[in-house]
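Structure first, then comments.
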Amino acid sequence: MDLKQRILQETSQLLFTVGIASMTMDMVARSCGISKRTLYEQFPDKKSLVKECLKVDYKNSTTDFEAIFANASNCFEALFGTFNYMRKRMVKMPVTFHDDLKRIYPDLYVSLHKRCDHKRVTELAQVLCCAQEEGLVETSINTKVAAFLFYVSMKTLHNNKQIAEYGITQIDLLDRAFINFLRGVASAKGLELIKEYQTKNNK
Numbered sequence: 014m015d016l017k018q019r020i021l022q023e024t025s026q027l028l029f030t031v032g033i034a035s036m037t038m039d040m041v042a043r044s045c046g047i048s049k050r051t052l053y054e055q056f057p058d059k060k061s062l063v064k065e066c067l068k069v070d071y072k073n074s075t076t077d078f079e080a081i082f083a084n085a086s087n088c089f090e091a092l093f094g095t096f097n098y099m100r101k102r103m104v105k106m107p108v109t110f111h112d113d114l115k116r117i118y119p120d121l122y123v124s125l126h127k128r129c130d131h132k133r134v135t136e137l138a139q140v141l142c143c144a145q146e147e148g149l150v151e152t153s154i155n156t157k158v159a160a161f162l163f164y165v166s167m168k169t170l171h172n173n174k175q176i177a178e179y180g181i182t183q184i185d186l187l188d189r190a191f192i193n194f195l196r197g198v199a200s201a202k203g204l205e206l207i208k209e210y211q212t213k214n215n216k
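When the count follows the numbering used here, it moves up by one through the sequence shown with no breaks and lands on 216 for the last residue.
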């Protein structure tokens, strides 16, 4: 691993632990065991470092998703695995991460979501089409509409500031939204897999 890769690895851990606002270049340099001068030789400012970390994280998560789907025996199993992966990330990620990114680096925030949103909706629609072929999703379901509605609703719930006022955790709400979405599109065969997933994961 070269110096630049090590810096990105350490920075990513800090970003997803202390958050964008709290992370400083001093903190990164100390974590890497290098001087600030050496750090700035690799990355001219904090924004360029955060931008590169987001690009690497996007690439890594895409690779992880591909592995989940490659090892799944059916589309619902792949969706369960993908949701569990994202759930673990959300639990570890500072609650202010996306708000900080939007506030401090709005252009990076827009770029990240512009790149992710269309890709994720398209991919989910394709998975639902495949699930229809497997007999897990009702054939009457418009997969593009279902994928778009689910993605938008999950983003809305994730960004809702009023959740805590009702004594509900964000994770519990997202869990329920995910299960309800699958139930809404699932066939009888798909519902059996959902039931097995809930029993196994106590959801």
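Beta carbons: idealized from backbone N, C-alpha and C, even for Gly.
Note that the segment 70-77 does not touch the segment 187-200; fewer than 3 beta-carbon pairs, one per stretch, sit closer than 8 Å. Apart from the 5 residues on each side of it in sequence, Ser44 sits with its Cβ closer than 6 Å to the Cβ of Glu23 in its chain, given in chain order. Assignment of beta-bridge partners to Val150 by DSSP yields Ala199. Excluding the 5 residues flanking it on each side, Ala144 has same chain C-beta neighbours closer than 6 Å at Cys88, Val150, in chain order. Excluding sequence positions up to five before and after Lys115, its CB lies within less than 6 Å of the CB of Tyr122, all in the same chain and listed in chain order.
Secondary structure note for Tyr71: its alpha helix (DSSP H) is the uninterrupted segment 59-84.
In this chain, the alpha helix (DSSP H) harbouring Gly94 covers 88-105. Under the DSSP assignment, Met14 falls outside any alpha helix (DSSP H); it carries neither an H nor an E label. Taking C-beta atoms as the reference points, Ile117 and Ile33 count as a pair closer than 8 Å. Rounded to whole angstroms, the gap between the alpha carbons of Leu52 and Ala91 is 39 Å. By the CB criterion at 8 Å, Leu27 and Met40 fall inside the cutoff. In the DSSP assignment, Ile117 falls within the unbroken alpha helix (DSSP H) covering 110-117.
Taking all protein chains shown into account, Ala83 has fewer than 16 neighbouring C-beta atoms within 10 Å of its C-beta and is therefore exposed. Residues Thr156, Lys157, Ala160 of the same chain have their beta carbon placed closer than 7 Å to that of Ala138, with the five preceding and five following residues left out of the count. Inclusion of Phe78 and Thr95 in the CB contact set at 8 Å is warranted, their separation being smaller than that value. Our two residues, Ser25 and Met106, have alpha carbons roughly 11 Å apart in a direct line. Per the coordinates, the alpha-carbon of Thr37 lies some 50 Å from the alpha-carbon of Glu146.
Residue Leu141 holds the alpha-carbon nearest to the alpha-carbon of Phe163 among Ala177, Leu141, Thr152, Glu178.
DSSP, read as helix, strand or coil, puts Gln145 in helix. Look at Phe194 here: in three-state DSSP terms it is helix.
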